[in-house]
Structure formats: structure tokens, C-alpha cells
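*Asks:* All the letters of the sequence shown, read from the start, carry residue numbers 6 to 372 under the working numbering.
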Amino acid sequence: MTRDISVELQNVDKIYDVAKVVDGVNLSINKGEVLVLIGPSGCGKTTTLKMINQLIPHTSGKILVNGEDVTKLDPVELRRSIGYVIQYIGLLPHLTIEENITFVLQLTKRPRKEQHEKALELVEKVGLPEEFLKRFPRELSGGQQQRVGVARALAGDPAILLMDEPFGAVDPLTREQLQNELLRLQEAIQKTIVFVTHDMQEAFKIGNRIGIMKEGKLVAMGSSMEIIKTEDEFVQNFIGRGALFDVLDNIPVTRVLKKDVPTVREGDFLNRNADLNGWENVFVLDNKGVCHGYVPLENLDSSGKITSDKLLSLSGSCPPDLSIKKAVEEMLYGGRTWIPVADSNDIFQGIVTFDSCANLLSEEGGK
Ligand SMILES: Nc1ncnc2c1ncn2[C@@H]1O[C@H](COP(=O)(O)OP(=O)(O)OP(=O)(O)O)[C@@H](O)[C@H]1O
Ligand SMILES: [Mg+2]
Numbered sequence: 006m007t008r009d010i011s012v013e014l015q016n017v018d019k020i021y022d023v024a025k026v027v028d029g030v031n032l033s034i035n036k037g038e039v040l041v042l043i044g045p046s047g048c049g050k051t052t053t054l055k056m057i058n059q060l061i062p063h064t065s066g067k068i069l070v071n072g073e074d075v076t077k078l079d080p081v082e083l084r085r086s087i088g089y090v091i092q093y094i095g096l097l098p099h100l101t102i103e104e105n106i107t108f109v110l111q112l113t114k115r116p117r118k119e120q121h122e123k124a125l126e127l128v129e130k131v132g133l134p135e136e137f138l139k140r141f142p143r144e145l146s147g148g149q150q151q152r153v154g155v156a157r158a159l160a161g162d163p164a165i166l167l168m169d170e171p172f173g174a175v176d177p178l179t180r181e182q183l184q185n186e187l188l189r190l191q192e193a194i195q196k197t198i199v200f201v202t203h204d205m206q207e208a209f210k211i212g213n214r215i216g217i218m219k220e221g222k223l224v225a226m227g228s229s230m231e232i233i234k235t236e237d238e239f240v241q242n243f244i245g246r247g248a249l250f251d252v253l254d255n256i257p258v259t260r261v262l263k264k265d266v267p268t269v270r271e272g273d274f275l276n277r278n279a280d281l282n283g284w285e286n287v288f289v290l291d292n293k294g295v296c297h298g299y300v301p302l303e304n305l306d307s308s309g310k311i312t313s314d315k316l317l318s319l320s321g322s323c324p325p326d327l328s329i330k331k332a333v334e335e336m337l338y339g340g341r342t343w344i345p346v347a348d349s350n351d352i353f354q355g356i357v358t359f360d361s362c363a364n365l366l367s368e369e370g371g372k
């Protein structure tokens, strides 16, 4: 077992009476990874999740958390060391938001000052105003309560977070906000997250890897790209047509950015017969690296001088974090085969071509 694996399930079964509700599951979850489990209702997602922190004991097989067999650990300690977020968050109604967030710290008798500082830090991290700490759960919207739930799960600073349809009960707009906030938060905190959902789009957006379950078995596992390329009929039906566009909506254009396009400065000379590695256009940058247009090689006169009258307009550029789906839409609507990419300071990064987007599908790998 390598040090990078955070949670490992080895041939794990859960049997109720005679029903095998989790059936021979093998799973390795890397440190800092978001692993999403998805599948039809009753396929065993919640059971799998709850076996990790032993809220449900497994029948056979082995579950390791940081290399340690969970059955050999103190169950209370184990649960405290793993954050847990559920759909109806279950905040305690008679406690303030601050008391709810610091509940675990109270149990472990941390000093009051430390508890308050932690509450302040976490309420800010999950995007809520400080004043909310004094409120009661009933004074918050569903989405806000969900954020408190995430803050509460993070209070003990667990390395692992289990999230069971945490955003399942909120409206689509709030859900999108919560997803974005989780992604932003995860960039800073780098927890190991096992995230259960019903929503394929959410899985593509949140997951570094996605595991699809069916009748207790893990039937597919991989990056978004690997999942949509899975040939299994059940998997294909489950993810549905159009999944490709959801995946492409979550991959930034930087994945297919062509950085090796030829660039020159205005006033430079370029032989119109120059070999530009197959490129037909040359991009004209100023001293700061801002692109002011491009010149097709064939438009150069015999002097080869790059002058402003030869520049063709870029007709707009896109930011590096634009999704491939949106870039393809821009190209289709604009009748273009490529778009330049510039950062927030307008510095030229390269171009994205229609072909490079299309080729992504035949490549290996995912997010
Ligand atoms: N205590 C129990 N006794 C017997 N069967 C159970 C028990 N708990 C769960 N099950 C069964 O185990 C199976 C898996 O349940 P689980 O809650 O893990 O499904 P799930 O994938 O999380 O479903 P959902 O998407 O609806 O939340 C279901 O068929 C369920 O009926
Ligand atoms: Mg469930």
C-alpha cells in the first residue's frame, strides 16, 4: 500500500439476511482526490459510504483508512476523524450556528477561544457572513444550512470527508453555487472526499474520478472521459446521451491549448516562405505579450515586413478557464475554426482549434 492512498476497500461485502447489498467492492481513494459514487437508487452507495466510517459494519473484506484496518480502530475516534455531510443536514435546532459548527470541538473540550476562532474561519470559508454565527438553523435557507453542514464537517480538520447527496435537496441554482464553492474550497483544503450523488452532471463537475454502482457492484471507475468511453451497456444507458457535452463543459480549454503557434512583433521581418511547422498564420504581439492580430503567411509581401495594415483582427479571444464546450459553441456560432486564448491581463496564451477539441475524445485520460 502506498502512502498516497487514503481509503481502500478490498473485496468488501455487506449482507443483510440473505441480500448482498454491497458485493465485492474494490476501491482505492487517493489523498486529496474527489471520488464520486453514483448509481440507481438502492445500488449500495450510502451503505458503501457508511462502511468507511463504520456507521455500518461490513460483512466481509477489508477497509483501510490511512493504511489501518477500520475494525481495529476505536469507532468513536474513527468517526471523529472523518467529516460526514448528508442531504438533510441535521443541524441541531436549539443550538446556534456557531455551536453547531463547533460541536465536535466541544465534545473534545477544546478551549473556547479556539472554538470561536475555528467557527469564524469556517463560516467565512463556506461563504457565509460572520453574523450568521449567532443565528439558529431555522433562520437560514436550505442552501445556507447545507453550507453550515460542510463547515461543521470540517471543524475537526478531518483529512477525509464523506458527503452523501449533500446538495440533493436544494434548487438547481443553489446547487450549482454550492458545487462551485466546494470546488473552490477543495482547491484550498485538498481533502480526500467521497461524494455520493444521483446527478451525473454533478459527478462530472465535482469528481476527479467517478465510480458507477449497480446492484451492489462497482461496474465502472475512472475519469469523466474514461467513464463516457466505457462500452458497457448499463453504463452507457445510465449516463445517457449528451453526457459528452456535460464532460466537455467541465474541461477548460487549457487542456487543448496550442501554445506553439508562431508569434512575431510588429515591425519584425518574416520570409513568406518560412517553415512555421505547418502553421499558416503568425500572431503579432506587443512588448507585453498582448496580441493585436494575426497575419496569414501568404499575405506577406516580398519585403516580409510585419506592418499594422497587414494585421487581421482576432475577433475576440476567450479566457483560459472557458470550458471546451463553450469554446466549441463560440466557434460554431462564429463560423470559426479556432479562437485565441488570452489571460485576464490580455496576455496571449495560444489558440484553441476545432480539431484539437474533437481529438480530445480519441485521447487517453480525463480531467
Ligand atoms: N438495515 C437494512 N436492512 C436491510 N436492507 C437494507 C438496510 N439498509 C439498506 N438496505 C438495503 O440495501 C440496499 C442499498 O441501500 P443504500 O442505502 O446503500 O442505497 P443507495 O444506493 O444509497 O440508494 P439511494 O440512491 O436511494 O440513496 C437497498 O436495497 C436497501 O433496501
Ligand atoms: Mg443513499
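Just so you know, even glycine gets a beta-carbon here, dropped at the ideal spot from N, CA and C.
1) Going by the beta-carbon positions, is the gap between residue 184 and residue 211 smaller than 8 Å?
2) Sort 22, 194, 105 and 258 by Cα distance to residue 322 and report the nearest one.
3) If the criterion is Cβ atoms closer than 8 Å, does the pair residue 92 and residue 170 meet it?
4) Which residues in the same chain have their Cβ closer than 8 Å to the Cβ of residue 175, if we skip the five residues on either side of it in sequence?
5) Is the distance from the Cβ of residue 167 to the Cβ of residue 88 below 8 Å?
6) Please state the DSSP three-state secondary structure of residue 274.
7) Does residue 310 come out as helix, strand or coil in the three-state DSSP assignment?
8) On the CB-based measure, 16 or more other CB atoms within 10 Å of its CB, does residue 214 come out buried or exposed?
9) Do you know offhand how far residue 70's Cα is from residue 37's?
10) Rounded to whole angstroms, how far is the Cβ of residue 229 from the Cβ of residue 209, which I believe are closer than 8 Å?
11) Could you give the residue range of the alpha helix (DSSP H) that holds residue 1?
12) Mapping DSSP to helix, strand and coil, what is residue 31?
13) Taking all protein chains shown into account, decide if residue 21 is buried (16 or more other Cβ within 10 angstroms of its Cβ) or exposed.
14) How many angstroms separate the CA atom of residue 451 from the CA atom of residue 360?
15) Run the CB neighbour count on residue 339, radius 10 Å, all protein chains shown included, and call it buried at 16 or more, exposed below.
16) Alpha carbon to alpha carbon, how far is residue 362 from residue 261? Give it in angstroms, no decimals.
17) I need the boundaries of the beta strand (DSSP E) containing residue 173, first residue and last residue.
18) Where residue 130 and residue 158 are concerned, what is the direct C-alpha to C-alpha distance, given to the nearest angstrom?
19) Name, in chain order, the residues that DSSP records as bridge partners for residue 202.
20) Roughly how many angstroms lie between the CA atoms of residue 314 and residue 337, to the nearest whole one?
21) Over what stretch of residues does the alpha helix (DSSP H) that includes residue 59 continue unbroken?
22) Between residue 289 and residue 270, which are expected to be in contact by the criterion C-beta below 8 Å, what is the C-beta distance as a whole number of angstroms?
23) Buried or exposed for residue 155, going by 16 or more other Cβ atoms inside 10 Å?
24) Which same chain residues end up closer than 7 Å to residue 266 when comparing Cβ atoms and leaving out the 5 residues on each side of it in sequence?
25) Rounded to whole angstroms, how far is the Cβ of residue 305 from the Cβ of residue 275, which I believe are closer than 8 Å?
26) Is residue 169 near ligand 2, going by C-beta to nearest heavy atom under 7 Å?
27) Assuming residue 225 contacts residue 201 under a Cβ cut-off of 8 Å, what Cβ separation, rounded to an integer in Å, is found between them?
28) Run through DSSP, which three-state label would residue 338 get?
29) For residue 16, which of 57, 263, 114 and 29 has the nearest alpha-carbon?
30) Using the beta-carbon of each residue, find all residues closer than 5 Å to any heavy atom of ligand 1 and list them in chain order.
*Replies:* By the coordinates alone:
1) Yes, these two residues count as a Cβ contact at 8 Å.
2) Out of 22, 194, 105 and 258, the CA that lies nearest to the CA of residue 322 is found in 258.
3) In contact: residue 92 and residue 170 (Cβ atoms closer than 8 Å).
4) Result list for residue 175: 147, 148, 151 and 183, in chain order.
5) When the beta-carbon positions are compared, residue 167 and residue 88 come within less than 8 Å of each other.
6) In the structure shown, residue 274 falls within a strand segment according to DSSP collapsed to helix, strand and coil.
7) The three-state secondary structure of residue 310, taken from DSSP, is strand.
8) Residue 214 should be labelled buried.
9) Whole-angstrom Cα-Cα distance: 14 Å.
10) Right, the Cβ-Cβ distance comes to about 5 Å (below 8 Å), so this counts as a contact.
11) Any property of residue 1 remains undetermined from this structure, which presents the chain solely from 6 to 372.
12) If DSSP states are grouped into helix, strand and coil, residue 31 belongs with the strands.
13) Classification of residue 21: exposed, given that the 10 Å Cβ count is below 16.
14) The question about residue 451 has no answer here: the residues shown for the chain are numbered 6 through 372.
15) Exposed, because fewer than 16 other Cβ atoms sit within 10 Å of the Cβ of residue 339.
16) C-alpha separation (whole angstroms): 6 Å.
17) It is not in any beta strand (DSSP E) - residue 173 carries neither H nor E in the DSSP assignment.
18) When the Cα atoms are used, residue 130 and residue 158 turn out to be separated by approximately 12 Å.
19) Beta-bridge pairing links residue 202 to 43.
20) Cα-Cα distance, rounded: 28 Å.
21) Note, residue 59: premise wrong, no alpha helix (DSSP H); not H, not E.
22) Between the beta-carbon of residue 289 and that of residue 270 there is about 7 Å, and that keeps the pair under the 8 Å contact cut.
23) Label assigned to residue 155: buried.
24) 284, 288, 355 and 356.
25) With 8 Å as the limit, residue 305 and residue 275 qualify as a contact, their Cβ atoms being about 6 Å apart.
26) Residue 169 has its Cβ nearer than 7 Å to a heavy atom of ligand 2.
27) Contact doesn't hold; Cβ gap of about 15 Å is too wide.
28) Residue 338 falls in the helix class under three-state DSSP.
29) Per the Cα distances, 29.
30) Here the residues close to ligand 1, judged by CB distance below 5 Å to any of its heavy atoms, are 21, 26, 46, 47, 48, 49, 50, 51 and 52 in chain order.
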